[in-house]
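Trainee:
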Amino acid sequence: MMKHESIETNAGLLIVLTLFVISIGGLVEIVPLFYINDTVEEVKTAEGHDAVRPYTPLEQAGRDIYIREGCYLCHSQMIRPFRDEALRYGHYSLAAESKYGHPFQWGSKRTGPDLARVGDKYSNDWHVQHLKAPRSVVPESIMPNYPWLLENDLKYSGIAENLKALKMTGVPYSLSQEEYDANVARFGAEVADTLDINNAEANLMAQAAKGNFDGNPNRLTEMDALVAYLQVLGTMVDFNQYDESYFVNFR
Amino acid sequence: MSETSKQAVQTTGHAWDGDLQEYNNPLPKWWVWTFYATVVFSIVYWVLFPAWPVGKGFTTGFKEITYKTSSGQEVTTHWNTRALLAEEIQMGAEGVKQREYLEKITSSSYEEILSDPDKMAFVRSMGKVMFADNCAACHGSGGNGVMTLYPNLVDDAWLWGGEIDDIYNTLVHGRKGYMPAFTETFNGEQANDVAAYVLSLSGIEGDAESIKRGDVIFNGQEGGCYYCHTHKGTGMKSLGSANLTDKIWTIADVPGVEGYDAKQAAIKSVIMNGVSREMPAWEGRLSDSTIKMLTVYVYSLGGGN
């Protein structure tokens, strides 16, 4: 029989066996996620399209700023299925709602409130004021000021490449006519247009011009992108269409 | 350690530096048994709860849970945290108690709620929490608002009306406060005159000639302020146009500055820049009973007139 002595005195064997034992934990947790579809809820709009869509170029640019500024260090985006969280933040987060988020922003550190459903809760003006100087609207706040978001022009020249990279991870942005047609069937024409990488820059500018998220129609700032992103969080699924039992079946 | 016990324990057989040896002790019994216990625990866990991935699904476990959906239907399914939440909300002691109160709020008229100390105690405690979670970011935790940005809900002045129905409509549909900017319309002197007139409406007197000229602009076609603020300057509930006669200010920071000129400048800046601010709609985001409760809560802060 192999005694532990023979393992401990053989460095090569020890390394191999250590890696083997450690990898069991990782494999058991991670590998199933790649092929289990039963845990990702299927949610549709009233018209029968996929409710959860990839971020538009402007929202995606805002998401990158969110990550750059480290907002995730204080904010989670994951409402857990507990009563107190349901009362405060709304319906618990679905797996489907973050399926296009790379890297996901679930987090577990809540120095500030969860942001998974902050979209549409406040006005654009409030977000701009709050990001510029949180204490001017919430005197008790300990959130840092982000005044440069209003001063910096949004750099969007890399947005198409950015979306291409996300496409490689499985996010359905479209490049070819075929992919575009598939998106029309899946998300509807209006959404499919925003997912077309060939028009990424034009789409980004059009959404910023229409939404005027930062309150200054003459400039396209980082604030435009970040507020556009915040305003879409948690708004894609219409929970009135489903009752509890539907989502329960996925756990 | 004594000679004898040293010899009783096995060593690894190595000796460093002449006499340095390493014991080869077995693991302590308590540790080994705890380890076995965790193994047994995990097997029991796998049997009872959702655990192993199988094909495209997973083992759901044998433990069951029964909950009621919001439509009152009883559902029994394998145990999971989502079902547990549904059970807790529908059947848990706290959830049931809270729902009973909310149902009382839903089924009572506003007069009944306002005259019942028990219901009002509930409105004040839960209303305060819901206000803190949803409204305080703009209106402040006490409802005092932020001068120039968000209106004070505690005072007796209302843009859109302070009666129960007004407040309810404000919450359900949201409000957009809009006044055009007059930079294109007025030159500096005209703006000064109108501002002087506006100040005089709430008893802050300035140059009589200037006020007279301002009156003409305010109540004439040139300014047309009276369209929205009325000839008296008391404002209109249907437009949310501020009452300019009540000494209470929400956008022009008149009380916050010293001296006539600074007060005039504060008014002037509102006139030249216009106003556009938004109170979000809460229908769909908050349940109907919560909106009703918040209506009573806000009304109790500074409602009526």
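If you read the protein sequences in the order shown, they are chains E and V.
Sequential numbering of the first sequence, starting at 0, is according to numbering that gives the first Met the number 0.
Sequential numbering of the second sequence, starting at 0, is according to numbering that gives the first Met the number 0.
By construction, the Cβ of each residue, glycine as well, lies at the ideal position given by its N, Cα and C atoms.
All values derive from a computational prediction rather than experimental measurement.
1. Using the beta-carbon count (16 or more within 10 Å), is alanine 10 (chain E) buried or exposed?
2. Would you kindly report the start and end of the unbroken beta strand (DSSP E) that includes serine 22 (chain E)?
3. Are glutamine 128 (chain E) and valine 136 (chain E) close, meaning C-beta to C-beta below 8 Å?
4. Consult DSSP for serine 107 (chain E) and reduce its assignment to one of helix, strand or coil.
5. Determine, using beta-carbon pairs with one atom in the region 79-99 of chain V and one in the region 272-287 of chain V, whether at least three such pairs fall under 8 Å.
6. Write down every uninterrupted run of the beta strand (DSSP E) in the region 167-223 of chain V whose length is 3 residues or greater and which is fully enclosed by it, in chain order.
7. Express the C-alpha separation of isoleucine 163 (chain V) and asparagine 151 (chain E) in angstroms, rounding to a whole number.
8. Applying the criterion that 16 or more other CB atoms from any shown protein chain within 10 Å of the CB defines a buried residue, is proline 53 (chain E) buried or exposed?
9. Pick from V:Ser69, V:Gln72, V:Tyr66 and V:Ala82: whose alpha carbon is nearest that of threonine 59 (chain V)?
10. For serine 69 (chain V), decide whether its Cβ has a neighbour in chain E, counting only Cβ atoms nearer than 8 Å.
11. Roughly how many angstroms separate the alpha carbons of glutamate 41 (chain E) and phenylalanine 238 (chain E), rounded to a whole number?
12. In the structure shown, what three-state DSSP assignment does tyrosine 88 (chain E) receive?
13. Tell whether a beta-carbon distance below 8 Å holds between glutamate 282 (chain V) and valine 122 (chain V).
14. Below 8 Å between beta carbons is the criterion; list the residues of the region 46-66 of chain V that meet it against any residue of chain E, in chain order.
15. How would you list, in chain order, the residues of chain V whose beta-carbon sits under 9 Å from the beta-carbon of tryptophan 147 (chain E)?
16. Could you check if methionine 222 (chain E) is buried or exposed, using at least 16 other CB atoms within 10 Å of its CB as the buried criterion?
17. Is it buried or exposed for proline 146 (chain E), if we count other Cβ within 10 angstroms and need 16 for buried?
18. How would you write the range of the beta strand (DSSP E) that serine 275 (chain V) sits in, first residue to last?
19. What's the gap between the Cα of aspartate 195 (chain E) and the Cα of phenylalanine 212 (chain E)?
20. Using 8 Å as the threshold, is the C-beta distance between leucine 174 (chain E) and asparagine 197 (chain E) below it?
21. Please check if any C-beta of chain E sits within less than 8 Å of the C-beta of proline 150 (chain V).
22. Could you check if glutamine 220 (chain V) is buried or exposed, using at least 16 other CB atoms within 10 Å of its CB as the buried criterion?
23. Are any of the Cβ atoms in chain V nearer than 8 Å to that of tyrosine 91 (chain E)?
24. Against chain V, which members of the region 128-155 of chain E pass a CB distance test of less than 8 Å?
25. Would you mind telling me which residues of chain E sit closer than 8 Å to proline 279 (chain V), beta carbon to beta carbon, in chain order?
26. Alpha carbon to alpha carbon, what distance is there between glutamine 176 (chain E) and leucine 130 (chain E)?
27. Taking the beta carbon of glycine 25 (chain E) as the centre, do at least 16 other beta carbons fall within 10 Å, making it buried, or is it exposed?
28. Evaluate contact between the region 72-88 of chain E and the region 102-118 of chain V, counting only Cβ atoms and requiring at least three cross-stretch pairs below 8 Å.
29. Take glutamate 208 (chain V) as the anchor and find which of V:Gly223, V:Glu188, V:Ser201 and V:Gly54 has the nearest alpha-carbon.
30. For proline 279 (chain V), tell me which candidate among V:Asn133, V:Trp30 and V:Gly17 has the shortest Cα-Cα distance.
31. Tell me whether the beta-carbon of valine 145 (chain V) lies closer than 8 Å to the beta-carbon of leucine 300 (chain V).
32. Does any residue of chain E have a CB that is nearer than 8 Å to the CB of glycine 255 (chain V)?
33. Using a C-beta cutoff of 8 Å, does valine 226 (chain E) count as contacting chain V?
34. Interface residues of chain V around isoleucine 78 (chain E) at Cβ under 9 Å?
35. With C-beta atoms as the reference, is glycine 140 (chain E) less than 8 Å away from tryptophan 105 (chain E)?
36. Report the option in E:Ala199, E:Asn182, E:Ile64 and E:Ala132 whose CA atom is closest to the CA atom of serine 156 (chain E).
Mentor: Reading from the atomic positions:
1. Label assigned to alanine 10 (chain E): exposed.
2. Where serine 22 (chain E) is concerned, there is no enclosing beta strand (DSSP E), although the alpha helix (DSSP H) it sits in stretches over 10-29.
3. The answer is yes: Cβ separation under 8 Å.
4. Residue state for serine 107 (chain E) is assigned as coil, using DSSP reduced to three classes.
5. By the Cβ criterion, the region 79-99 of chain V is not in contact with the region 272-287 of chain V, since fewer than three pairs of Cβ atoms, one from each stretch, lie closer than 8 Å.
6. Considered as a whole, the region 167-223 of chain V harbours 174-178 as its complete beta strand (DSSP E) runs of no fewer than 3 residues, in chain order.
7. When rounded, the distance between both Cα atoms is 45 Å.
8. Result: buried.
9. Ranking the options by Cα distance to threonine 59 (chain V), first place goes to V:Ala82.
10. Taking 8 Å as the CB threshold, serine 69 (chain V) lines the interface with chain E.
11. Pairing glutamate 41 (chain E) with phenylalanine 238 (chain E), the inter-Cα distance amounts to about 12 Å.
12. When DSSP states are grouped into helix, strand and coil, tyrosine 88 (chain E) belongs to the helix group.
13. In terms of Cβ geometry, glutamate 282 (chain V) and valine 122 (chain V) do not form a close pair [threshold 8 Å].
14. For the region 46-66 of chain V, the residues whose beta carbon sits under 8 Å from a beta carbon of chain E are, in order, Pro49, Pro52, Lys55, Gly56, Phe57 and Tyr66.
15. Residues of chain V whose Cβ lies closer than 9 Å to the Cβ of tryptophan 147 (chain E) do not exist, since the nearest Cβ in that chain is about 21 Å away.
16. Per the 10 Å Cβ criterion, buried.
17. By the 10 Å Cβ count, proline 146 (chain E) comes out exposed.
18. Start and end: 274-278.
19. Looking at the two C-alpha atoms, the distance is approximately 22 Å.
20. Yes, these two residues count as a Cβ contact at 8 Å.
21. So no, proline 150 (chain V) is outside the interface.
22. Flag for glutamine 220 (chain V) reads exposed.
23. The C-beta of tyrosine 91 (chain E) comes closer than 8 Å to at least one C-beta of chain V.
24. Flagged, chain order: Gln128, His129, Ser135, Val136, Val137, Pro138 and Glu139.
25. Ordered by position in chain E, the residues that pass the 8 Å Cβ test against proline 279 (chain V) are Asp119, Lys120, Tyr121 and Ser122.
26. Distance between the alpha carbons of leucine 130 (chain E) and glutamine 176 (chain E): 40 Å.
27. By the Cβ-count criterion, glycine 25 (chain E) is exposed, with fewer than 16 other Cβ atoms from all chains shown falling within 10 Å of its own Cβ.
28. Put simply, the region 72-88 of chain E does not touch the region 102-118 of chain V. Fewer than three CB pairs are less than 8 Å apart.
29. Among V:Gly223, V:Glu188, V:Ser201 and V:Gly54, the Cα nearest to that of glutamate 208 (chain V) is on V:Glu188.
30. Taking only the C-alpha atoms, the option nearest proline 279 (chain V) is V:Asn133.
31. At the C-beta level, valine 145 (chain V) and leucine 300 (chain V) stay beyond 8 Å of one another.
32. Not one beta carbon of chain E lies nearer than 8 Å to the beta carbon of glycine 255 (chain V).
33. Between valine 226 (chain E) and chain V, the shortest Cβ-Cβ separation is not below 8 Å.
34. Those do not exist, as isoleucine 78 (chain E) stays about 11 Å from chain V at its closest Cβ, beyond 9 Å.
35. What sits at residue 140 (chain E) in the sequence shown is serine, not glycine. Not closer than 8 Å, so no.
36. Put simply, of E:Ala199, E:Asn182, E:Ile64 and E:Ala132 the residue whose alpha carbon is nearest the alpha carbon of serine 156 (chain E) is E:Ala199.
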